[in-house]
């Protein structure tokens, strides 16, 4: 690789470069992801350093230890992994809004492809900005509302509907709710079977699921009791809830219904990858990961229901998209709380929307969903706005994994069949 030759020639790293403490423009700081979530005063108060590099100089090397959050300010930087794969970051593109590095130990080598300037900020600011965007607080405060929505009747009306408890919140089918509540009282298998059999569609689908290769029963299962015994009650609860979710993703408005169906397709794709990644990782329960993927966008449903009730002429697509982007995570938490989901699951809608979420040292359920979401967006139009995978805290928790040329996880690339089998559990419901 040509960049290996260049870095041998240069032999210069950030540690021995001259640097200057610099006051960076607020407009530049606000563009940075995720620290742009901080207030203007907080951004301007950050201690920042700007360093210059000539073509071929090493910005940081694999294995270097750093306590800084690093962004590209000018020029081009090439980042190379241990297996020789890599990617280019150009300061003039959206990719430069993401950090070059968020880890205390560098996993890649960064080399200046042209004359470049690099910004260094305290690494601690990463968690501060993550908390600023997704902290548990009221649905929205005036200071959180972007200028583009401050005069939006649609946005204000939706917030008012929540404030006065007039929001149409989706409800799970009775069987799923009864089962979730009943299992909190440690009921037996016979009672679980009675609840499931109240809904022939759900009981039939559960039998299909347990005969899927994902669960690999030794012999074909033909009744609900054997299905529950095979899966276990906890897994049965999660699968029944997942089956029930499909009924919520619909609208009488054809245009909105098309959007909802796309969201459900995306959700089951994320769910299938989450389940597979959890199986490979062996530290997160796969059926919990499956359900977490299915509900990670559940907060969009009340927003679309509100849009349906207002009619097409009462809002613009831009208003709808911006409202979803700003509120779907918090609304999703609100719904899962109403459904009595456990705390770890309730926070998934907000956490999964934040590429740089990180609230624990070990890998968490939210990390699995974030990585699954990343993988699901590769190869389509959304991939143009993806951050470099090596900068995600969720990825760093997996250990020293090499990146494929597609910047995906090799383990997931090798598990295409398992992902396809998991996807089939819910795809034929749509």
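Residue numbers (the working numbering): 354 to 783. For every residue, glycine included, the Cβ atom is placed at its ideal position computed from N, Cα and C. Note that the coordinates shown come from a computational prediction; the quantities given were computed from them, not determined experimentally.
- According to the DSSP assignment, residue 423 belongs to the beta strand (DSSP E) that extends over 421–427.
- Nearest C-alpha to residue 608 among 597, 638 and 657: 657.
- Note on geometry: alpha-carbon atoms of residue 575 and residue 560 lie some 7 angstroms from one another.
- Selection 473, 765 and 735 evaluated against residue 725 yields 765 as nearest (Cα-Cα).
- Rounded to whole angstroms, the separation of the alpha carbons of residue 505 and residue 768 is 45 angstroms.
- Going by C-alpha positions, residue 535 is about 8 angstroms away from residue 545.
- Under the three-state reduction of DSSP output, residue 418 falls in the strand class.
- In the DSSP assignment, residue 768 falls outside any beta strand (DSSP E), carrying neither H nor E.
- When Cβ pairs closer than 8 angstroms are counted between the two stretches, the region 462–473 is seen to touch the region 404–420, the count reaching three or more.
- By a beta-carbon distance limit of 8 angstroms, residue 563 contacts residue 580. Their separation comes to about 4 angstroms.
- Under the three-state reduction of DSSP output, residue 631 falls in the helix class.
- About 13 angstroms separates the beta carbon of residue 685 from that of residue 646, a gap too long to meet the 8 angstroms contact definition.
- The beta carbons of residue 414 and residue 458 sit about 11 angstroms from each other, so the pair does not count as a contact at 8 angstroms.
- By the neighbour-count definition (other C-beta atoms within 10 Å, threshold 16), residue 558 is a buried residue.
- Scanning 518, 618, 525 and 635 for the CA closest to the CA of residue 715 turns up 635.
- Per the Cβ contact rule, the region 625–643 is not in contact with the region 670–684 (fewer than 3 Cβ pairs under 8 angstroms).
- Residue 680 and residue 701 have their alpha carbons spaced roughly 14 angstroms apart.
- Residue 683 sits away from residue 590, with the two beta carbons spaced by 8 angstroms or more.
- For residue 654, the number of other beta carbons within 10 angstroms of its own is at least 16, and it is reported as buried.
- By the CB criterion at 8 angstroms, residue 538 and residue 779 fall outside the cutoff.
- Restricted to the region 603–682, the alpha helix (DSSP H) segments that are unbroken, complete and at least 4 residues in length are 607–634, 639–648 and 653–663, listed in chain order.
- Boundaries of the beta strand (DSSP E) around residue 402: 402–406.
- Within its own chain, the residues whose Cβ lies closer than 7 angstroms to the Cβ of residue 621, once the five positions on either side in sequence are excluded, are 647, 776, 779 and 780, listed in chain order.
- Residue 475: member of the beta strand (DSSP E) spanning 469–475, first to last residue.
- Cα atoms of residue 742 and residue 548: separation of roughly 43 angstroms, rounded to the nearest angstrom.
- The closest CA to that of residue 399, considering only 379, 386, 384 and 520, is found on 379.
- CA-to-CA, the gap between residue 566 and residue 618 works out to about 21 angstroms.
- If you draw a straight line from the Cα of residue 688 to the Cα of residue 661, it comes to about 19 angstroms.
- Shown here, residue 513 sits in a helix according to DSSP, grouped into three states.
- For residue 413, the pairing in a beta bridge is given by DSSP as 463.
- Per DSSP, residue 598 is one residue of the alpha helix (DSSP H) stretching across 586–598.
- Rounded to the nearest whole angstrom, the CA to CA distance from residue 439 to residue 463 is 10 angstroms.
- Residue burial annotation: residue 571 is exposed, with fewer than 16 other C-beta atoms found within 10 angstroms of its C-beta.
- Taken through DSSP and simplified to helix, strand or coil, residue 701 comes out as helix.
- For residue 713, the number of other beta carbons within 10 angstroms of its own is below 16, and it is reported as exposed.
- Residue 450 and residue 552 have their C-alpha atoms some 49 angstroms from each other.
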